[in-house]
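Student: To convert, note that position 245 of the sequence shown is 229 in our numbering; the numbers rise steadily by one, no gaps.
Even glycine gets a Cβ: it sits at the ideal position worked out from N, Cα and C.
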Amino acid sequence: LSILLSLLVPAHTARSPDCGGILTPSGLRYLAEVSKPHAESVLRQDLMAPPGPDPSPTSPSRNQIISVKVDKFSLTLIPDTGMRLNIEVDLGITSAPSTTKEMRLSILADLHVEMNPEGNLELVTSDCKPTLEEVQSTEEMDRSAPHKSSGSDVDKQINVEKICLEVSKLLLFPNERLMSLAAPFPITPSCQVQYLPLAAPMYSEQGIIISLQTTFQVAGTVIPLPVSPVPFSMPEPASSSPSHLILAFSRHFYTSLFSALVESGALNVSLLSSLTTATLAERITQMGSLFQEDLPVVLQAVTRSSPHVVLEEDKAIVKLFLTAQIGAGSSLFQSFLSVNVDVTAWLHLSVADTRMIISVAAIEDIELSLAASDVGPVLAALLEELFLPTIREEVPAQINVVLRQGVSLPHIASFTYTDVNITIHKDYVLIPCNLKLEAKTG
């Protein structure tokens, strides 16, 4: 389904990509389409600014721009280089009530994305070529073909040579949004995820390719996670994709996510059994002398080693290694059994807005083994009979509660994702989707 290309090289051994994305040519066209109104607003505001006070009341009227309309605003991918911005602006210019000219301002600019010293991605222009042509004049209606205007008062009014400053001004707004890419996003009240760009993007025929490294914070502190032994290479589609954006996540990303949840304590769960100390004493005789009253039995499960995620074609599995302290007591918990619980669960992945929803869909396998006992030896078969139903039902439910808010995907402010299609492959997940500019509120 895809060709793995080693396009993303880590800056050094401690920084290794574990996810990334490809903004496709169709995504670039969409961004240009939704940016056109903003560009027209900026150009209209600056080009139609009233001229300064006329020093002499008797001097001839100055040219004044009375209308600005962006006819074309396009972004084109240039492989191995960057992007080409093409803007065509129709201008209405008057120097007297009876004289109106229609001019065409064309701007060609080469753009690319750099990483600034703060580690944020920044859109910059490397070349800019503006031209000005006269389209039609009320004084020269017989001229039908456009011709370049040279050295005229109009040139001075528009200041063509400085028009590229306007292009730089147009980039301020998208650069503000690009900064939001590296913002931290909450997963749980104490755990956050952050996507950090590793380098400036690369440009291929399939799109603009960006590599990201995920960091997780617990209580505001970045937690150390093992670096993937194999740097993640962005899977590039063999053919052009109709989607605006293709996000990709490595197996290491999902393992790191569950490790961060473990570190934050989010996967330490308390499971209420249907058993009581009295009913349990009927099966484990030494239980009878421990408790004077009949109390509900509780399983307090904590993670004893790092979780592990496996990705295969159309299948995602998480392996959790827990230790459950089994006991009772309303005010003071008294444990009488310690059981190792190894859970293998199927994961279901979906996307809502800009969040990846991860849930435990089903339990594939559970292994129980006795770790310690205050009530004598207990056979494995009896452990499974007594506690397996509670674990099978409660562990997925508790994990799904922890993950119910989802995990924010890499995204920039004001955009959400639609038409999402998730495909799971060996060692990575692909998420092709379309961009949608959110309507302004308020």
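#1: What does Asn418 pair with, by DSSP beta-bridge criteria?
#2: With a 10 Å radius around its C-beta and 16 neighbouring C-beta atoms as the bar for buried, classify Gln29 as buried or exposed.
#3: Starting from the C-beta of Leu387, find all residues in its chain whose C-beta is less than 7 angstroms away, skip the five residues before and the five after it, and write them out in chain order.
#4: What beta strand (DSSP E) runs, 3 residues minimum, are completely inside the stretch 183 to 248?
#5: Closer than 8 angstroms is the cut-off here; do at least three beta carbon pairs connect the stretch 295 to 305 with the stretch 229 to 248?
#6: Near Ile268, what residues of its chain come up, given a Cβ to Cβ distance below 7 angstroms and the 5 sequence neighbours on each side ignored?
#7: On a Cα-Cα basis, can you pick out the residue from Ala184, Leu196, Gln176, Met340 that is closest to Gly204?
#8: Tell me the rounded alpha-carbon separation between Thr83 and Ile50.
#9: With a threshold of 6 angstroms on Cβ separation, who are the neighbours of Leu245 within its own chain once the five nearest residues in sequence on each side are excluded?
#10: Name the two residues that bound the continuous alpha helix (DSSP H) containing Ala262.
#11: Is the CB-CB distance between Leu414 and Ala232 below 8 angstroms?
#12: Cutting at 6 angstroms between CB atoms, please list the residues of its own chain near Tyr14, excluding the five before and the five after it.
#13: For Pro208, count the other beta carbons within 10 Å of its own beta carbon; 16 or more makes it buried, fewer makes it exposed. Which is it?
#14: In angstroms, rounded to a whole number, what distance separates the CA positions of Thr42 and Gly76?
#15: Runs of 4 residues minimum, wholly inside the stretch 316 to 377: which ones carry the alpha helix (DSSP H) assignment?
#16: When we look at the beta-carbon of Pro39 and count the other beta-carbons within 10 Å, is it buried (16 or more) or exposed?
#17: Leaving aside the five residues before and after Leu27 along the sequence, list all residues of the same chain whose C-beta is less than 7 angstroms from its C-beta, in chain order.
#18: Within the same chain, show all residues whose beta-carbon is closer than 6 angstroms to that of Glu351, passing over the 5 residues directly before and after it, in chain order.
#19: Helix or strand or just coil, what does DSSP make of Val22?
#20: Could you tell me the alpha carbon to alpha carbon distance between Ala364 and Pro291, rounded to whole angstroms?
#21: Beta-carbon within less than 6 angstroms of Ile383's beta-carbon, same chain only, minus the 5 sequence neighbours each way: which residues are those?
#22: Would you kindly report the start and end of the unbroken alpha helix (DSSP H) that includes Phe157?
#23: Going along the chain, which residues of its own chain have a beta-carbon closer than 8 angstroms to the beta-carbon of Glu106, five neighbours each way excluded?
#24: Using the beta-carbon count (16 or more within 10 Å), is Thr287 buried or exposed?
#25: Is DSSP giving Leu279 helix, strand or coil here?
#26: Could you work out which residue in Gln276, Pro181, Glu348 is closest to Thr328 when comparing CA atoms only?
#27: Of the choices Glu266, Leu256, Gln201, whose alpha-carbon is the least far from that of Ser248?
#28: Which term fits Gly103, buried or exposed, when burial requires 16 or more other beta carbons within 10 angstroms of its beta carbon?
#29: Quick check on Gln176: does DSSP put it in helix, strand or coil?
#30: Indicate the three-state DSSP secondary structure (helix, strand or coil) for Gln48 in the structure shown.
#31: So, helix, strand or coil for Ser110, using DSSP?
#32: Shortest alpha-carbon distance to Arg376 belongs to which of Ser258, Ile406, Ser398?
#33: Could you give the first and the last residue of the continuous beta strand (DSSP E) run that contains Gln309?
#34: Can you pull the DSSP bridge partners for Gln284?
#35: Measure the Cβ-Cβ separation of Gln197 and Ser0 and say whether it is below 8 angstroms.
#36: From what residue to what residue does the beta strand (DSSP E) around Asp94 run?
Tutor: This is what the structure holds:
#1: Thr402
#2: It counts as exposed.
#3: Ile342, Ser343
#4: 186 to 188, 191 to 202, 219 to 221, 229 to 234
#5: yes
#6: Val359, Val362
#7: Nearest option by C-alpha distance: Gln176.
#8: In a straight line, the C-alpha of Thr83 is about 12 angstroms away from that of Ile50.
#9: Leu251
#10: Boundaries of the alpha helix (DSSP H) harbouring Ala262: 261 to 265, taken from the DSSP string.
#11: yes
#12: His228, Leu419
#13: exposed
#14: Any answer about Thr42 is weak, because its pLDDT of 43 lies below 50 and its placement is not dependable; what the coordinates show is given next. Using only the alpha carbons, I get a separation of about 24 angstroms.
#15: none
#16: With a pLDDT of 49 at Pro39, under the threshold of 50, the predicted position of this residue should be treated as unreliable, and no value is reported.
#17: Val52, Val54, Val73, Glu150
#18: Asp326
#19: The sequence as given places His at residue 22; Val does not occur at that position. Three-state DSSP puts His22 in a helix.
#20: 23 angstroms
#21: Closer than 6 angstroms at the Cβ level, and outside the excluded window around Ile383, lie Val344.
#22: 156 to 163
#23: Val97, Glu98, Met99, Asn100, Asn159, Leu162
#24: buried
#25: coil
#26: Glu348
#27: Gln201
#28: exposed
#29: Residue state, collapsed to three classes: strand.
#30: strand
#31: Note: Ser110 maps to strand in three-state DSSP.
#32: Ser258
#33: 299 to 312
#34: Answer by DSSP bridge pairing, in chain order: Ser254, Gln309.
#35: The Cβ atoms of Gln197 and Ser0 sit closer than 8 angstroms to each other.
#36: 83 to 99
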